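A.B. asks: Shown below is the structure under consideration.
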Amino acid sequence: MDANNQRINLDAVKAFRRKVRRKIAFRIILFVLPFIFLCAYGAVYIARLPRERHARSYTFAQKLRLGLGRALKATYLKMSTPLPDPKRSKIPIVELYIKGKRLDKLNSNLPQSGRVFQKALLKADGQIYKVKARYKGDSINHWAFPNKSWRIELRNGKRNRKEKVFNLNVPRTKTQISNWLGFELGSVMNGVAGGGPLVPKADFVHFRLNRLFDGVRLRVEQPDQNFIRVRNLEPGTIFSGDIRSRDIYSGKPRKRLYSDLSAWTVDSPYIESGKSALASLIHLIRYQHKPYDFYYEIEKLMNLDAIVQYMALLELVGTTHVDNTHNNKFYLNPISGRLTPIVWDSIAYFWGNNKGLDLGSNDLFKKILSIPSLREQKDLYLWEAVNGELSSERIIRIVKRKIREIAPDVRAFPLKIHASDKGIYNISNEEWKAAIGELINAIRARGKFIRRELSATDVRYNFRTVKEGSKSIFRVVFQVNSRAGFRLKGITLKLNAQKKGQIVTLKRWGIEDVKKVIKPRFSSQKASSTSSGTVSFPLNEVLYSKRRTKKGVTLVPGVYVYDFVTEEPLKILSVISIKGKNSITKKGYKPIYSKKLEIPSAHKQNSIWWDPKVVTEKSIVRLSGKVVLTKDLVITPYQSLDVSPGTHIAMAKGVSIIVNGGDAYLRGSSTQPIVIEGDKGKALWGVMAISGGECKISNVNIIGGSEKNTG
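Residue numbers for the sequence shown follow this note's numbering, beginning at 1 and rising by one.
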């Protein structure tokens, strides 16, 4: 073969090789570039997986690592979790059927699209209902994950378990039961104490979406007008103070509920409904700093028994989740005009018992804690709870019983989540079991902590003699340093003369701050001496410590001063005995004498607290003969209603008798009954409602009345 032919063959070989390399390169580009693109897209997708606010400042690499870990764990949990078996389920099964295109609409632009109701069918308790369904919840743990929280509204006036609207919430804690436990303990406490906050019904369900198991949900009754009606309460306004997704994730400051009226929404059955009651409450919290004036106004605006019981519940479970920006709900009773709290998202974290008492998680709670007698009432509810129906062991029994009930469904739920400000992540069955163990330990520790705090008593006293003209004043000062108050039962003093019948007068410092008519025994109490030269004063009053609430809530000693006054030459030499007890536990306690305790020389206004309900004299509103009421008769806690036998009360149209915390004595007789009816026997009068104080009723005829006219 000549040289030219060899050159031609080499050129052909080179050309062929180039062609082969181009094909290989093309194939590499064809397959590798899409792979690179998919990897890049996947990395971006994984890095953008939903997460809480703490990851906002993370780098891309940090977000990718966090998202990859979540994706791998979720995949592992999906593959390793046992399959669900509805036949083994011990909880009610709720099934939601929604068309694919409507489900797509809900998911099209989250979270906004998820708030638009879509038509669906619901099967519950063996019945099928036409419903409207949407996603609910503002935090991303409700709507940004595969298993979402739902709000269900039954159509055509139907009810299921007497509920028109209810929620199906994804459990959000490692224990999976903490949300439910808060509602359950609220119901138990309310059942024991009575008169407490309104508590929505809550329980677990096995949830199926379009026939497929979609996990466990906490079914929670929605506080609405139906919620009020089924509790036999008058239709009234419901105020809701909560946040939306934009408030959580926009980076802008959240509105503070007790500073900004616009932070609240209103659900009212009335056309002309406003926020005047709420506006009054906010104004009172912000601008009234005199304790007695605040107390007299707050008891007109709020159901105080209910609010302090609610605070006790939150302290029992150690949660601060009802704060200044969300989870505050109130019902305004149109008859009493007072606000009653509604238990909402009071998650029973227990937090390893790392929360103290007097939590004061919002401005309202802080103001309540600044009133010693209200704080004491809260502590009494708390003490009764931990030593009664809500003792640690009883709560643990409640927890274990519920765990046994939901265990088959929870174990088959692969993507259980735990959500907090530190992040949202999936938990395994092993982690769930460990979390339950931690919860049980925390419950025991919490109960022990509460009992220790409230049973501790620390009261010191000192005394000295002061001379003012012809009078000798024996001044005794008590300092209450403990959380619990000290019920002073009596004090015995030694005189300088052993003569019977010598008079000693007791005057209490600060009693004038109450600004009401004081009972004589509190304004100026007298006692006479015995032949042995002693004088004893029977007392029955609580001395309280105080709380400072400017930065958090801190305990401040309460200092009470008693002046025992005698005329010269009679003098008091010393204190013989002081009788008293812990005002919470009722256990006897002997105060400790302390020479170092400073004795004040002058009273500082509003520096101590005397309970107005104990020390004030009630004015009496008397009705007798024929009485026509043309406007509402309201009896306050500082009044008594006394209706004589044979009294005939004619009520004008819409007029009511409301005993709001005061006493009511309607004591007719068989021969002289008390009659209450509409004016001229025809007027559609309002209601007769009695709440709070002592009530004695006999032989009273209510004519033209019904269940709507009494309460």
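Ideal placement from N, C-alpha and C gives every residue a C-beta, glycine not left out.
In this text the structure is predicted, and so the values were computed from the model without any measurement.
#1: Can you give the Cα-Cα distance for Glu-376 and Lys-78, rounded to whole angstroms?
#2: Mind checking who Trp-432 pairs with in its DSSP beta bridge?
#3: Which residues bound the alpha helix (DSSP H) around Asp-203?
#4: Does the separation of the CB atoms of Ala-348 and Asn-462 fall below 9 Å?
#5: What did DSSP end up calling Lys-571 once you bin it into helix, strand or coil?
#6: For a test of the three-state rule: what should DSSP assign to Trp-344, helix, strand or coil?
#7: Where Pro-637 and Asn-660 are concerned, what is the direct C-alpha to C-alpha distance, given to the nearest angstrom?
#8: Any idea if Pro-197 is buried or exposed, counting beta-carbon neighbours within 10 angstroms, 16 or more meaning buried?
#9: Helix, strand or coil: how does DSSP classify Ala-412 here?
#10: How far does the alpha helix (DSSP H) with Thr-75 in it extend, from its first residue to its last?
#11: Counting pairs of Cβ atoms below 8 Å between the region 344 to 360 and the region 411 to 418, do you hit three or more?
#12: Mind checking Asn-606: buried by the 16 CB within 10 Å criterion, or exposed?
#13: Measuring only the C-alpha atoms, how far is Leu-68 from Leu-110?
#14: Is the region 382 to 395 in contact with the region 92 to 112, if contact means three or more CB pairs nearer than 8 Å?
#15: Would Val-687 pass as a contact of Ile-599 if the rule is Cβ separation under 9 Å?
#16: Provide the residue span of the alpha helix (DSSP H) that contains Tyr-292, from first to last.
#17: Quick check: the Cα distance between Ile-635 and Tyr-292, rounded to an integer number of angstroms?
#18: Please list the terminal residues of the continuous alpha helix (DSSP H) segment that includes Leu-597.
#19: With DSSP as the reference, identify every bridge partner of Phe-522, one or two as the case may be.
#20: Does the beta-carbon distance from Ser-712 to Phe-449 come in below 9 Å?
#21: Mind the definition here: the region 491 to 500 touches the region 545 to 556 only if three or more C-beta pairs lie below 8 Å; say whether that holds.
#22: Report the residue ranges of all beta strand (DSSP E) runs contained in full by the region 625 to 702; include only those spanning at least 3 residues, in chain order.
#23: I'd like to check one pair, Leu-154 with Val-170: are the Cβ atoms closer than 9 Å?
#24: Between which two residues does the beta strand (DSSP E) holding Ile-473 run?
#25: If you check the beta carbons only, do Gly-447 and Ile-395 fall under 9 Å apart?
#26: Return helix, strand or coil for Leu-743, following the three-state DSSP convention.
#27: Measure the C-alpha to C-alpha separation of Lys-402 and Trp-264 and round it to an integer number of angstroms.
#28: With 16 other CB atoms within 10 Å as the buried threshold, where does Ala-277 fall?
#29: Tell me the DSSP secondary structure of Phe-350 in three-state form.
#30: Confirm, please, whether the CB-CB distance from Val-317 to Gly-182 is below 9 Å.
#31: Starting from Gln-309, trace the alpha helix (DSSP H) in both directions and tell me its first and last residue.
#32: Can you tell me which of Lys-119, Gln-127 and Gln-112 puts its alpha carbon nearest to the alpha carbon of Ile-140?
#33: How many angstroms separate the CA atom of Pro-82 from the CA atom of Asp-409?
#34: Please name the residue in Lys-653, Ser-532, Leu-106 and Glu-617 whose C-alpha comes closest to that of Val-116.
#35: Report yes if the C-beta distance between Ile-243 and Glu-234 is below 9 Å; otherwise report no.
#36: According to DSSP, is Val-459 part of a helix, a strand, or is it coil?
C.D. replies: Once the coordinates are examined:
#1: For this step, residue 376 is matched to residue 376 along the sequence shown. For this step, residue 78 is matched to residue 78 along the sequence shown. The C-alpha of Glu-376 lies about 51 Å from the C-alpha of Lys-78.
#2: On the sequence shown, position 432 is the one that residue 432 refers to. Bridge partners of Trp-432: none, in fact.
#3: Position 203 of the sequence shown, counting from 1, holds the residue named residue 203. Annotation for Asp-203: no alpha helix (DSSP H) segment contains it, though the beta strand (DSSP E) segment containing it runs 202 to 209.
#4: Against the sequence shown, residue 348 aligns to sequence position 348. Against the sequence shown, residue 462 aligns to sequence position 462. Taking 9 Å as the Cβ cut-off, Ala-348 and Asn-462 do not qualify as a contacting pair.
#5: Taking the first residue of the sequence shown as 1, we reach residue 571 at position 571. If DSSP states are grouped into helix, strand and coil, Lys-571 belongs with coil.
#6: Counting from 1 along the sequence shown, the entry for residue 344 is found at position 344. When secondary structure is reduced to three states using DSSP, Trp-344 falls in the coil class, being assigned neither helix nor strand.
#7: Position 637 of the sequence shown, counted from the first residue, corresponds to residue 637. Position 660 of the sequence shown, counted from the first residue, corresponds to residue 660. Straight-line Cα distance between these residues: approximately 6 Å.
#8: Position 197 of the sequence shown, counted from the start, is the residue given in the question as residue 197. By the neighbour-count rule (16 or more Cβ atoms within 10 Å), Pro-197 is buried.
#9: Along the sequence shown, one-based indexing puts residue 412 at 412. Three-state DSSP puts Ala-412 in coil, outside helix and strand.
#10: Here residue 75 refers to the residue found at position 75 of the sequence shown. Run containing Thr-75: 60 to 80, per the alpha helix (DSSP H) assignment.
#11: Contact between the region 344 to 360 and the region 411 to 418 is absent: fewer than three C-beta pairs spanning the two stretches fall below 8 Å.
#12: For the purposes of this step, residue 606 is taken as residue 606 along the sequence shown, with counting starting at 1. In this structure Asn-606 is exposed. Its beta-carbon is surrounded by fewer than 16 other beta-carbon atoms within 10 angstroms.
#13: The count along the sequence shown starts at 1 and reaches residue 68 at position 68. The count along the sequence shown starts at 1 and reaches residue 110 at position 110. Cα to Cα, the separation comes out at about 22 Å.
#14: By the Cβ test, the region 382 to 395 is not in contact with the region 92 to 112, since fewer than three Cβ pairs between them sit closer than 8 Å.
#15: Position 687 of the sequence shown, counted from the first residue, corresponds to residue 687. Position 599 of the sequence shown, counted from the first residue, corresponds to residue 599. No, the pair does not count as a contact, with Cβ atoms beyond the cut-off.
#16: Along the sequence shown, one-based indexing puts residue 292 at 292. Tyr-292: member of the alpha helix (DSSP H) spanning 291 to 301, first to last residue.
#17: What you label residue 635 is simply residue 635 of the sequence shown in a count that begins at 1. What you label residue 292 is simply residue 292 of the sequence shown in a count that begins at 1. Answer to the nearest angstrom: the Cα atoms are 19 Å apart.
#18: Numbered from its first residue, the sequence shown carries residue 597 at position 597. Per DSSP, Leu-597 belongs to no alpha helix (DSSP H) and is neither H nor E.
#19: Against the sequence shown, residue 522 aligns to sequence position 522. Bridge partners of Phe-522 according to DSSP: none are assigned.
#20: Here the chain covers residues 1 to 711 and nothing more, so residue 712 does not appear.
#21: No, the region 491 to 500 is not in contact with the region 545 to 556.
#22: Taking 3 residues as the shortest admissible run, the region 625 to 702 contains the following complete beta strand (DSSP E) segments, listed from N- to C-terminal end: 626 to 629, 633 to 635, 639 to 643, 648 to 651, 657 to 660, 663 to 667, 674 to 678, 688 to 691, 695 to 698 and 700 to 702.
#23: Indexing the sequence shown from 1 puts residue 170 at position 170. Indexing the sequence shown from 1 puts residue 154 at position 154. Leu-154 sits away from Val-170, with the two beta carbons spaced by 9 Å or more.
#24: Counting from one through the sequence shown, the residue named residue 473 turns up at place 473. Ile-473: member of the beta strand (DSSP E) spanning 471 to 480, first to last residue.
#25: Here residue 447 refers to the residue found at position 447 when the sequence shown is read from its first residue. Here residue 395 refers to the residue found at position 395 when the sequence shown is read from its first residue. Taking a C-beta distance under 9 Å as the contact criterion, Gly-447 and Ile-395 qualify as a contact pair.
#26: Since the displayed the chain opens at 1 and closes at 711, residue 743 lies outside it and no answer follows.
#27: Indexing the sequence shown from 1 puts residue 402 at position 402. Indexing the sequence shown from 1 puts residue 264 at position 264. When rounded, the distance between both Cα atoms is 35 Å.
#28: Residue numbering aside, residue 277 sits at position 277 when the sequence shown is read from its first letter. Its Cβ being crowded by 16 or more others within 10 Å, Ala-277 is buried.
#29: Translated into positions along the sequence shown, residue 350 becomes position 350. Note: Phe-350 maps to coil in three-state DSSP.
#30: The count along the sequence shown starts at 1 and reaches residue 182 at position 182. The count along the sequence shown starts at 1 and reaches residue 317 at position 317. Against a cut-off of 9 Å, the Cβ pair of Val-317 and Gly-182 comes out as a contact.
#31: For the purposes of this step, residue 309 is taken as residue 309 along the sequence shown, with counting starting at 1. For Gln-309, the uninterrupted alpha helix (DSSP H) run begins and ends at 304 to 317, by DSSP.
#32: Counting from 1 along the sequence shown, the entry for residue 140 is found at position 140. Nearest C-alpha to Ile-140: Gln-112.
#33: Locating residue 82 in the sequence shown gives position 82, counting from the first residue. Locating residue 409 in the sequence shown gives position 409, counting from the first residue. Rounded to whole angstroms, Pro-82 to Asp-409 spans 10 Å at the Cα level.
#34: Here residue 116 is taken as the residue at index 116 of the sequence shown, counted from 1. Its Cα nearest to that of Val-116, the residue Leu-106 stands out among Lys-653, Ser-532, Leu-106 and Glu-617.
#35: In the sequence shown, residue 243 corresponds to position 243, counting from 1. In the sequence shown, residue 234 corresponds to position 234, counting from 1. Not in contact: Ile-243 and Glu-234 (Cβ atoms no closer than 9 Å).
#36: Here residue 459 corresponds to residue number 459 of the sequence shown, with the count starting at 1. Look at Val-459 here: in three-state DSSP terms it is strand.
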